[in-house]
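Visitor: Below you will find the structure I want to go over with you.
Numbering (our numbering), first residue to last: 522 to 853.
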């Protein structure tokens with residue numbers, strides 16, 4: 522068989538090597554440094570991982586939003602952004618020794634228990650209103666700390682906010698009967714409750730009926746003397762109930778006590794309690810009746826001239842002296 526001579530290919534007639542490689546095929550010439558470049562097309566595993574991370578982030582964000590809305594998230598809020606007087610407080614004064622101990626504890630160990638606030642809205646100033654934690658707010662300020670750890674609550678009604686404040690103080694601190702009664706009176710004044718019974722049941726539903734009855738009795742003292750007393754929290758249960766009985770029996774006693782407290786200005790709780798014990802505040806003796814005209818004396822009064830005329834055998838200097846003494850006593 523005869524051999525056929527093969528003619529060499531003519532340069533320029535064949536395509537370049539790169540043109541013969543299908544698109545998407547990696548060759549060594551594409552990696553001059555010998556290191557493959559990172560592909561721009563994500564593998565299925567990478568896409569799945571990114572989707573999983575995104576879903577986890579969205580789930581975490583949703584859970585954080587729920588925790589914040591449900592009051593399960595502790596936040597740090599500046600004290601200037603918290604209105605401590607948002608609610609009428611049930612505590613009237615702070616014990617200096619107890620406050621010093623709390624301040625020292627916060628200064629040494631930081632705030633251990635968060636306060637409770639409610640969000641009053643972005644347009645409110647301060648934005649947050651204090652529900653519970655008044656002593657902690659005061660101690661933080663005294664310790665030179667300008668922010669507080671807080672849980673943001675969203676009570677459905679004002680009554681729920683008051684109940685939260687009262688219940689925490691019932692558990693954490695000794696509140697006097699006067700302070701308990703006063704918060705009931707103030708809640709009624711602000712329209713939080715419609716009547717004393719619902720206010721007592723709403724604010725102190727977790728205490729015994731006997732204790733609620735005593736709180737109701739102390740409301741009489743609050744109604745009569747709130748704003749007049751300087752040391753109302755010092756009134757004991759026994760002294761308070763005794764004062765309630767006297768207030769109910771003597772309608773004029775509140776005015777006499779107020780006058781006595783104003784004139785004496787007691788500087789201590791003991792001195793004020795002495796005034797409340799009715800020392801020096803007994804009812805004034807009724808004016809002595811004018812002496813009856815002796816027999817044989819005629820008396821008449823002329824409203825036009827505002828003149829009293831006495832005539833008869835019994836009219837003498839002694840009668841005149843008696844009348845003058847009676848007039849002087851009547852003017853005192």
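We treat Cβ as the ideally placed atom computed from N, Cα and C, and that holds for glycine. In this text, all values refer to a predicted model and were calculated from it rather than measured experimentally.
Just tell me which of 703, 747, 760 has its CA closest to the CA of residue 733.
Guide: For the residues 703, 747, 760, the minimum Cα distance to residue 733 belongs to 703.
Visitor: My output table needs one value for residue 675: the three-state DSSP class, helix, strand or coil.
Guide: Coil.
Visitor: For a quick check, are the C-beta atoms of residue 778 and residue 797 less than 8 Å apart?
Guide: Yes, these two residues count as a Cβ contact at 8 Å.
Visitor: My understanding is that residue 790 touches residue 739, with C-beta atoms under 8 Å, so please give their C-beta distance in whole angstroms.
Guide: About 16 Å separates the two Cβ atoms, so there is no contact after all.
Visitor: Identify the residues that DSSP records as bridge partners of residue 823: which are they?
Guide: Looking at the DSSP assignment, residue 823 forms a beta bridge with 828.
Visitor: Taking residue 631 as the reference, give the member of 645, 650, 670 with the closest Cα.
Guide: Taking only the C-alpha atoms, the option nearest residue 631 is 670.
Visitor: Do you know whose CA, among 764, 741, 770, lies nearest residue 793's CA?
Guide: Answer by Cα proximity: 764.
Visitor: Check this for me: beta carbons of residue 666 and residue 653, under 8 Å apart or not?
Guide: No, the pair does not count as a contact, with Cβ atoms beyond the cut-off.
Visitor: Taking residue 672 and residue 595 to be in contact with their CB atoms under 8 Å, please state how far apart those CB atoms are, rounded to whole angstroms.
Guide: That pair is a contact at about 6 Å.
Visitor: Can you name, in chain order, every residue of its own chain whose Cβ lies under 8 Å from the Cβ of residue 818, other than the five neighbours on each side?
Guide: Taken in chain order, the residues that qualify are 831, 832, 833, 834, 835, 836, 840.
Visitor: Do residue 697 and residue 598 come within 8 Å of each other at the CB atom, strictly closer than that value?
Guide: No, they are not a contact pair.
Visitor: Quick check on the burial criterion: 16 or more other C-beta atoms within 10 angstroms. Buried or exposed for residue 650?
Guide: Residue 650 comes out buried.
Visitor: On a Cα-Cα basis, can you pick out the residue from 713, 656, 674, 716 that is closest to residue 642?
Guide: For residue 642, the nearest C-alpha among the options comes from 674.
Visitor: Kindly indicate which residue of 646, 725, 572, 644 has the alpha-carbon position closest to the one of residue 680.
Guide: For the residues 646, 725, 572, 644, the minimum Cα distance to residue 680 belongs to 725.
Visitor: Between which two residues does the alpha helix (DSSP H) carrying residue 597 extend?
Guide: Counting along the chain, residue 597 falls outside any alpha helix (DSSP H), though it belongs to the beta strand (DSSP E) covering 595-599.
Visitor: Where residue 711 and residue 617 are concerned, what is the direct C-alpha to C-alpha distance, given to the nearest angstrom?
Guide: Roughly 30 Å separates the two Cα atoms.
Visitor: When the Cα atoms are used, what is the spatial distance from residue 624 to residue 593?
Guide: The alpha-carbon atoms of residue 624 and residue 593 are separated by roughly 26 Å.
Visitor: At which residues does the beta strand (DSSP E) containing residue 761 begin and terminate?
Guide: Unbroken run through residue 761 is the alpha helix (DSSP H), 758-770; no beta strand (DSSP E).
Visitor: Taking only runs of the alpha helix (DSSP H) that begin and end inside the segment 677-720, which ones reach a length of at least 4 residues, in chain order?
Guide: Whole alpha helix (DSSP H) segments, 4+ residues: 679-693, 698-710.
Visitor: Are there 16 or more other CB atoms within 10 angstroms of the CB of residue 743, so buried, or fewer, so exposed?
Guide: By the 10 Å Cβ count, residue 743 comes out buried.
Visitor: Quick check on the DSSP output: what are the complete alpha helix (DSSP H) runs of length 4 or more inside the segment 636-663, in order along the chain?
Guide: DSSP runs (the alpha helix (DSSP H)) wholly in the segment 636-663: 655-663.
Visitor: Alpha carbon to alpha carbon, what distance is there between residue 838 and residue 472?
Guide: Nothing in the structure corresponds to residue 472, since the chain is present only between 522 and 853.
Visitor: Quick one: what does DSSP say residue 798 is sitting in, helix, strand or coil?
Guide: Residue 798: coil per DSSP, three-state reduction.
Visitor: Which residue from 678, 745, 737 puts its Cα closest to that of residue 713?
Guide: Nearest option by C-alpha distance: 678.
Visitor: For residue 842, name the three-state secondary structure that DSSP assigns.
Guide: Here residue 842 sits in helix by DSSP.
Visitor: Since residue 604 sits in a beta bridge, which residues does DSSP pair it with?
Guide: DSSP, once it has assigned bridges, lists 650 as partnering residue 604.
Visitor: Determine the burial state of residue 829: buried for a count of at least 16 other Cβ atoms within 10 Å of its Cβ, exposed for fewer.
Guide: Under this definition residue 829 is an exposed residue.
Visitor: For residue 833, list the residues DSSP reports as bridge partners.
Guide: DSSP lists 818 as partners of residue 833.
Visitor: Quick check on this structure: which residue in 783, 663, 645 has the alpha carbon closest to the alpha carbon of residue 628?
Guide: Ranking 783, 663, 645 by Cα distance to residue 628 puts 663 first.
Visitor: Looking at the structure shown, is residue 750 part of a helix, part of a strand, or coil, going by DSSP?
Guide: DSSP places residue 750 in coil when its eight states are reduced to three.
Visitor: Classify residue 669 as helix, strand or coil using the three-state DSSP reduction.
Guide: DSSP places residue 669 in strand when its eight states are reduced to three.
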